[in-house]
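Some notes on the structure that comes next.
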Amino acid sequence: MIRGNALSLGQMASLACTLEVCAPKPGNVHRGADFEDVTLQDFLASAIAIGPVFDQADQLSLGELILRSVQATANVCRTNTNLGMLLLLAPLAKAHLAANLQVAAKLVIDASTAADAASIYEAIRLAKPGGMQKSAEHDIADEAPPHILEAMHLAAERDFIARQYAGGFEELFGTVVPLLTDPELASLSLSQRIVHAHVSLMATFPDTLILRKMGEEKAQQSAVIAQRVLDAGPPMQEDYLQQLGNLDFWLRCDGHRRNPGTTADMIAAGLFVCLRQGSITAPFV
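Residues 216 to 500 in the working numbering are what the sequence shown lists, from first letter to last.
Encoded structure:
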């Protein structure tokens, strides 16, 4: 279906993922940095692969949309590149009221079924995300709960994406979207605004992928170092860029176990919201 800005849902999903990964965000894969086991090409291939699936969002249930997108990704990439993004993008894509996506996306989740929960569990098992820990209740290896929100509420403290499901996307719409559309940063390029939003989100909410992989201390440390970037001065000026380089170096130490992947997922979802609502439009400058 073509929306008011002449982009289909699939194109917007692919664009959001592409714009996110191409911006040179600290600690993540981008156009100037790969990881040993996953590259920019993997992320771009994944972004392209999910487009046709998201173009069927109106015909698919929430669980089907997530599972089929994970399956499409697995056809082009051997590593999990986008599970967190898909969990966030799917209810946003199925939300029909672009003017009030937050409420509409929450209603999509509320209306989901036990079959949706089972499909989401299957998608997570297929993607094999990093840092997953055994849970005493609703563990991903077990049968899915009757409603996906039961699992998301339990995981909300240790997983920022689960927190969006449980909390009605409060941080996505209350923090991420305003960061990406801040009029005071209008002089920056979109790529620079994405980087700044990424660092700002890290400083405010310690990345939960780092938390799951490395523990509370490293997650809090990542937020402290991100705050140093913000405290260094105006975005993209010399002192800011020096501290940004320090953050990037620290995040890439110890393999890439400190990569702020959940923050990146949130940025991609924020970009999708902006594309749907028309606050970010092509050409992208």
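Idealized CB from N, CA, C, for every residue including glycine. Owing to the predicted nature of the structure, the values given are computational and were not obtained by experimental measurement.
Going straight from the alpha carbon of Ala283 to that of Val268, what length do you get?
Your numbering for residue 283 matches position 68 in the sequence shown. Your numbering for residue 268 matches position 53 in the sequence shown. Strictly speaking, residue 283 in this sequence is Arg, with Ala absent from that position. Approximately 7 Å between the Cα atoms of the pair.
Would you give the residue range spanned by the alpha helix (DSSP H) that Thr477 belongs to?
Working through the sequence shown from its first residue, we reach residue 477 at position 262. It spans 476-492 - the alpha helix (DSSP H) in which Thr477 sits, taken as one unbroken run.
Between Pro306 and Ala332, is the Cβ-Cβ spacing less than 8 Å?
For this step, residue 306 is matched to residue 91 along the sequence shown. For this step, residue 332 is matched to residue 117 along the sequence shown. Result no, Cβ atoms of Pro306 and Ala332 do not sit closer than 8 Å.
Select from Ser229, Gln286, Val488, Ser402 the residue whose C-alpha is nearest the C-alpha of Thr390.
Taking the sequence shown and counting its residues from 1, the one referred to as residue 390 is at position 175. Per the Cα distances, Val488.
According to the Cβ coordinates, are Ile265 and Ala228 closer than 8 Å?
Mapped onto the sequence shown, residue 265 falls at position 50. Mapped onto the sequence shown, residue 228 falls at position 13. Yes. Within cutoff.
Output the residue ranges of the alpha helix (DSSP H) runs that lie fully inside the region 379-421 and measure 4 residues or longer, sorted by chain position.
Those alpha helix (DSSP H) runs which fall completely within the region 379-421 and span 4+ residues are 392-395, 405-419.
Judging by CA-CA distance, which residue of Asn290, Val392, Val414 is the nearest neighbour of Leu456?
Locating residue 456 in the sequence shown gives position 241, where the first residue counts as 1. It is Val414 whose Cα lies nearest to the Cα of Leu456.
Can you name the start and end residues of the alpha helix (DSSP H) that Arg283 belongs to?
Taking the sequence shown and counting its residues from 1, one reaches residue 283 at position 68. Segment 277-289, the alpha helix (DSSP H) holding Arg283.
If you draw a straight line from the alpha carbon of Ala483 to that of Leu234, how long is it in whole angstroms?
Residue mapping note: residue 483 aligns to position 268 of the sequence shown, counting from 1. Residue mapping note: residue 234 aligns to position 19 of the sequence shown, counting from 1. Their Cα atoms are separated by approximately 8 Å.
Taking the C-alpha atoms as reference points, what is the distance between Phe384 and Phe258?
On the sequence shown, position 169 is the one that residue 384 refers to. On the sequence shown, position 43 is the one that residue 258 refers to. Spanning the two alpha carbons is a distance of roughly 24 Å.
Leaving out the 5 sequence neighbours to the left and right, which residues in its chain are closer than 8 Å to Ala351 when beta-carbon positions are compared?
Your numbering for residue 351 matches position 136 in the sequence shown. Interpretation of Ala351 is limited by its pLDDT of 46, a score under 50 that renders its predicted location unreliable; the figure taken from the coordinates is listed afterwards. Result list for Ala351: empty, nothing under 8 Å.
Return the residue from the list Leu394, Asn474, Gly460 that minimises the CA-CA distance to Ile495.
Here residue 495 refers to the residue found at position 280 of the sequence shown. Of the listed residues, the one whose Cα sits closest to Ile495 is Leu394.
Since Leu424 and Asn474 are thought to touch, with beta carbons under 8 Å apart, how far apart are those beta carbons, to the nearest angstrom?
Numbered from its first residue, the sequence shown carries residue 424 at position 209. Numbered from its first residue, the sequence shown carries residue 474 at position 259. 7 Å between Cβ atoms; contact.
If contact is defined by three or more beta carbon pairs under 8 Å, each pair taking one atom from either stretch, is the region 271-287 in contact with the region 243-250?
With the cut-off at 8 Å, the region 243-250 and the region 271-287 do not touch.
If you follow the alpha helix (DSSP H) that His368 is part of, which residue opens it and which one closes it?
For the purposes of this step, residue 368 is identified with residue 153 of the sequence shown, where counting begins at 1. Looking at the DSSP string, the run of the alpha helix (DSSP H) that includes His368 is 363-370.
With distances taken from CA atoms, which of Val444, Leu445, Phe420 is nearest Ala434?
Position 219 of the sequence shown, counting from 1, holds the residue named residue 434. When only C-alpha atoms are compared, the closest one is Phe420.
Keeping to the same chain, check which residues put their C-beta closer than 8 Å to that of Ile409; ignore five residues upstream and five downstream.
Counted from its first residue, the sequence shown places residue 409 at position 194. So the qualifying residues of the chain are Leu234, Glu235, Ala238, Lys240, Leu395, Ile482, Leu486.
So Ser223 and Glu279 are supposed to be a Cβ contact under 8 Å. How far apart are they, rounded?
By one-based count along the sequence shown, residue 223 stands at place 8. By one-based count along the sequence shown, residue 279 stands at place 64. With a Cβ gap of about 18 Å, Ser223 and Glu279 do not count as contacting.
Taking Cys232 as the reference, give the member of Leu275, Asp273, Gly299 with the closest Cα.
One-based indexing of the sequence shown puts residue 232 at position 17. Of the candidates Leu275, Asp273, Gly299, the one whose C-alpha sits nearest the C-alpha of Cys232 is Gly299.
Nearest by alpha-carbon distance to Arg373: which of Gly430, Glu399, Ala329 is it?
Residue 373 sits at position 158 when you count from the first residue of the sequence shown. Minimum Cα distance to Arg373 is reached at Gly430.
Do Leu387 and Gln379 come within 8 Å of each other at the CB atom, strictly closer than that value?
The residue you call residue 379 lines up with position 164 of the sequence shown. The residue you call residue 387 lines up with position 172 of the sequence shown. Yes, the Cβ-Cβ distance between Gln379 and Leu387 is below 8 Å.
Give the DSSP-derived three-state secondary structure of Ala356 in the structure shown.
Here residue 356 refers to the residue found at position 141 of the sequence shown. Ala356: coil per DSSP, three-state reduction.
With DSSP run on the structure shown, which of helix, strand or coil describes Ala221?
One-based indexing of the sequence shown puts residue 221 at position 6. In the structure shown, Ala221 sits in coil (DSSP, three-state: anything other than H, G, I, E or B).
Using CA coordinates, which residue listed in Glu251, Thr254, Ile440, Gly225 is at the minimum distance from Leu466?
Your numbering for residue 466 matches position 251 in the sequence shown. Measuring from the Cα of Leu466, the nearest candidate turns out to be Ile440.
Assign Ala342 to buried or exposed, taking buried as 16 or more other Cβ atoms, counted over all protein chains shown, within 10 Å of its Cβ.
Looking up residue 342 in the sequence shown gives position 127. Buried, because 16 or more other Cβ atoms sit within 10 Å of the Cβ of Ala342.
So Leu230 and Arg491 are in contact, right, with Cβ under 8 Å, and what is the actual spacing, rounded?
Sequence index remark: in the sequence shown, residue 230 carries index 15 (1-based). Sequence index remark: in the sequence shown, residue 491 carries index 276 (1-based). That pair is no contact at about 11 Å.
For Ser437, tell me which candidate among Cys292, Asp454, Leu416, Gln452 has the shortest Cα-Cα distance.
The residue you call residue 437 lines up with position 222 of the sequence shown. The shortest Cα separation from Ser437 among Cys292, Asp454, Leu416, Gln452 belongs to Leu416.
In the DSSP assignment, the alpha helix (DSSP H) including Phe499 goes from what residue to what residue?
By 1-based counting over the sequence shown, the position of residue 499 is 284. Run containing Phe499: none; DSSP gives neither H nor E here.
Would you identify the three-state DSSP class for Ala314, choosing helix, strand or coil?
Along the sequence shown, read from residue 1 onward, the residue named residue 314 stands at position 99. Residue state, collapsed to three classes: helix.
Evaluate Ser261 with the Cβ neighbour count: other Cβ atoms within 10 Å of its Cβ, from every protein chain shown; 16 or more gives buried, anything less gives exposed.
Reading the sequence shown from its first residue, position 46 is the one you call residue 261. Per the 10 Å Cβ criterion, buried.
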